[in-house]
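Undergrad: Numbering (our numbering), first residue to last: 1 to 205.
If you scroll down you'll find the structure; I have some questions about it.
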Amino acid sequence: MYNNSKDIVWVDFDSLENFMVDVFKGIGVPEEDARICADVLITADKRGIDSHGVGRLKPIYYDRIKAGIQLPKTDMEIVKDSPTTAVIDGHNGMGQVIAKKSMAIAIEKAKKMGLGMVTVRNSTHYGIAGYYLLMAIEAGMIGITGTNARPSIAPTFGIENMLGTNPLTFGMPSDEEFPFVLDCATSITQRGKIEFYDRANLKPQ
Numbered sequence: 001m002y003n004n005s006k007d008i009v010w011v012d013f014d015s016l017e018n019f020m021v022d023v024f025k026g027i028g029v030p031e032e033d034a035r036i037c038a039d040v041l042i043t044a045d046k047r048g049i050d051s052h053g054v055g056r057l058k059p060i061y062y063d064r065i066k067a068g069i070q071l072p073k074t075d076m077e078i079v080k081d082s083p084t085t086a087v088i089d090g091h092n093g094m095g096q097v098i099a100k101k102s103m104a105i106a107i108e109k110a111k112k113m114g115l116g117m118v119t120v121r122n123s124t125h126y127g128i129a130g131y132y133l134l135m136a137i138e139a140g141m142i143g144i145t146g147t148n149a150r151p152s153i154a155p156t157f158g159i160e161n162m163l164g165t166n167p168l169t170f171g172m173p174s175d176e177e178f179p180f181v182l183d184c185a186t187s188i189t190q191r192g193k194i195e196f197y198d199r200a201n202l203k204p205q
């Protein structure tokens with residue numbers, strides 16, 4: 001799609017992922033958490049979802065940590081717990097870390113009880129929702145993930161941003177070579193994709 005640009009610089013995934021790890025560590029994210037965050041972002045790029053990949057590193061994560069909007073060190077707290085459910089307070093830590101660990105908790109509960117559901121409050125942007133859905137699918141389970149979002153789309157006949165995109169994913173293993181995955185939102189496209197085209201001085205085709 002973008003091969004018509006003479007300014008393309010090709011970078012292999014491993015180098016890009018290592019770069020992101022170094023950036024996250026440089027702003028105070030512990031190494032293990034930095035690798036989780038980088039893996040979520042590089043997974044988006046590998047799947048062609050460039051609206052949620054490395055292009056989000058500075059405007060979403062670096063800038064927000066520097067501004068004190070979110071914290072580089074994640075201190076999750078389980079505030080309610082039952083055999084099948086849990087409520088997590090993320091205390092404004094790294095959304096990817098919170099989401100991955102929360103899905104892991106849900107999976108463990110489902111293995112024991114047949115159902116696991118975890119809700120999270122006080123979290124931050126967690127990248128592509130499908131990353132965590134695939135964790136459930138790889139464990140042989142049906143998965144659902146979703147999140148609220150800041151107002152960024154106008155209602156029908158409106159001109160002001162009033163509604164969130166509120167991403168929702170649903171999926172399950174299949175008897176094909178790939179699982180069934182539905183990853184959707186209430187908007188026509190992602191804000192990150194619009195920002196990508198703006199940075200690249202390209203027009204959507």
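From the three backbone atoms N, C-alpha and C, an ideal C-beta is built for every residue, glycine too.
Would you report the Cα separation of Asp50 and Tyr61, rounded to the nearest angstrom?
TA: Spanning the two alpha carbons is a distance of roughly 15 Å.
Undergrad: If you draw a straight line from the alpha carbon of Val21 to that of Ser82, how long is it in whole angstroms?
TA: C-alpha separation (whole angstroms): 35 Å.
Undergrad: In this structure, does DSSP put Met1 in helix, strand or coil?
TA: Low confidence applies to Met1: its pLDDT is 47, below 50, so where it sits in the model is not reliable enough to give any reading.
Undergrad: How is Arg121 classed by DSSP in three states: helix, strand or coil?
TA: Of the three classes helix, strand and coil, the one that applies to Arg121 here is strand, per DSSP.
Undergrad: Would Arg86 and Ile107 qualify as a contact pair, given that the criterion is a beta-carbon distance under 7 Å?
TA: Note on residue identity: the sequence assigns Ala, not Arg, to residue 86. No, they are not a contact pair.
Undergrad: Check this for me: beta carbons of Ala185 and Pro167, under 7 Å apart or not?
TA: Taking 7 Å as the Cβ cut-off, Ala185 and Pro167 qualify as a contacting pair.
Undergrad: Using 8 Å for Cβ pairs, my map puts Pro72 next to Val29. What's the rounded Cβ distance?
TA: Their Cβ separation, rounded to whole angstroms, is 4 Å, which keeps Pro72 and Val29 in contact under 8 Å.
Undergrad: Does DSSP classify Asp12 as helix, strand or coil?
TA: Looking at Asp12 - three-state DSSP - the assignment turns out to be coil, as it is neither helix nor strand.
Undergrad: Here's a check: name, in chain order, each residue in its chain whose Cβ is nearer than 6 Å to the Cβ of Glu77, leaving out the five neighbours to either side.
TA: Excluding residues within five positions, the ones whose Cβ falls inside 6 Å are Asp89.
Undergrad: Output needed for Ser152: all residues of its chain with C-beta closer than 8 Å, excluding positions within five of it in sequence on either side, in chain order.
TA: Once the five neighbours on either side are set aside, the close Cβ partners of Ser152 are Asn161, Leu163, Gly164, Thr165, Ser187 and Arg191.
Undergrad: Just to confirm, are Leu134 and Thr169 a CB contact at a threshold of 7 Å?
TA: It is not a contact, given that the beta carbons lie outside the stated cut-off.
Undergrad: Considering only the beta carbon of each residue, do Val54 and Gln96 sit closer than 7 Å?
TA: Cβ distance not < 7 Å, so Val54 and Gln96 don't count as in contact.
Undergrad: Compute the Euclidean distance between the alpha carbons of Asp42 and Gly158, then round it to the nearest angstrom.
TA: It should be noted that the sequence gives Ile, not Asp, for residue 42. Each residue's alpha carbon lies about 35 Å from the other.
Undergrad: Measure from the alpha carbon of Trp36 to the alpha carbon of each residue in Phe178, Ala99, Thr119 and Asp63, then state which is nearest.
TA: The sequence given here has Ile at residue 36, not Trp. Cα-wise, what sits closest to Ile36 is Ala99.
Undergrad: For Ile107, name the three-state secondary structure that DSSP assigns.
TA: In this structure, Ile107 counts as helix in the three-state DSSP scheme.
Undergrad: May I ask which residues mark the beginning and end of the alpha helix (DSSP H) holding Thr43?
TA: Run containing Thr43: Glu31 to Lys46, per the alpha helix (DSSP H) assignment.
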